[in-house]
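Residue numbers (full-length UniProt numbering): 1 to 110. Think of the CB as a built atom: it goes at the ideal place given N, C-alpha and C, for glycine as much as any other residue.
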Amino acid sequence: MFLNIDDILIASKNMKEHIKHLEIFSDAYFREGLGLSEKKATIVVNKIEFLRILIDGTGIELQNHIVEKICNFPDILKDKKRLQSFLGVANFVGFFIKDVAEYRKDFWPL
């Protein structure tokens with residue numbers, strides 16, 4: 001299960017396991033008096049976009065427009081606003097980069 005503020009993703013290895021996970025989740029969720037948005041809810045799919053990430057049975061990947069944004073950043077970040085924008089994107093994609101903290105630490109003093 002992945003959570004982000006009010007977004008929840010429940011992923012399972014197979015349908016039997018998924019139904020069990022959904023039952024456990026819904027019992028706990030509704031017991032606490034919480035509700036779900038029918039417009040936002042997507043249930044039992046093989047592929048989904050979740051928090052700007054594409055997730056399917058083979059793994060996870062960044063959406064193409066995010067990869068393009070990273071590739072199109074200028075080589076030189078001339079002002080504070082561009083640096084902040086770059087660091088925001090770098091923070092978001094950090095999950096996909098091995099040892100990302102090593103790369104980011106050089107930017108923070110700027």
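> In three-state terms, what does DSSP make of Glu-23?
Replying inline: helix
> Where does Phe-2 fall in DSSP's three states?
Replying inline: strand
> How far does the beta strand (DSSP E) with Lys-80 in it reach, from first residue to last?
Replying inline: Per DSSP, Lys-80 belongs to no beta strand (DSSP E); it is in the alpha helix (DSSP H), 80 to 93.
> Helix, strand or coil for Ile-48 per DSSP?
Replying inline: strand
> Arg-82 to Glu-102, Cα distance in whole Å?
Replying inline: 20 Å
>> Quick check on Glu-32: does DSSP put it in helix, strand or coil?
In response: coil
> What are the boundary residues of the alpha helix (DSSP H) that includes Glu-68?
Replying inline: 64 to 71
>> Give me the residue from Phe-107, Asn-91, Lys-80, Gly-59 with the minimum Cα distance to Ile-70.
In response: Asn-91
>> For the beta strand (DSSP E) containing Ile-55, name the first residue and the last one.
In response: 53 to 56
>> Just to confirm the assignment, what range does the alpha helix (DSSP H) spanning Ala-101 have?
In response: 100 to 104
> Cα separation between Phe-107 and Leu-62?
Replying inline: 23 Å
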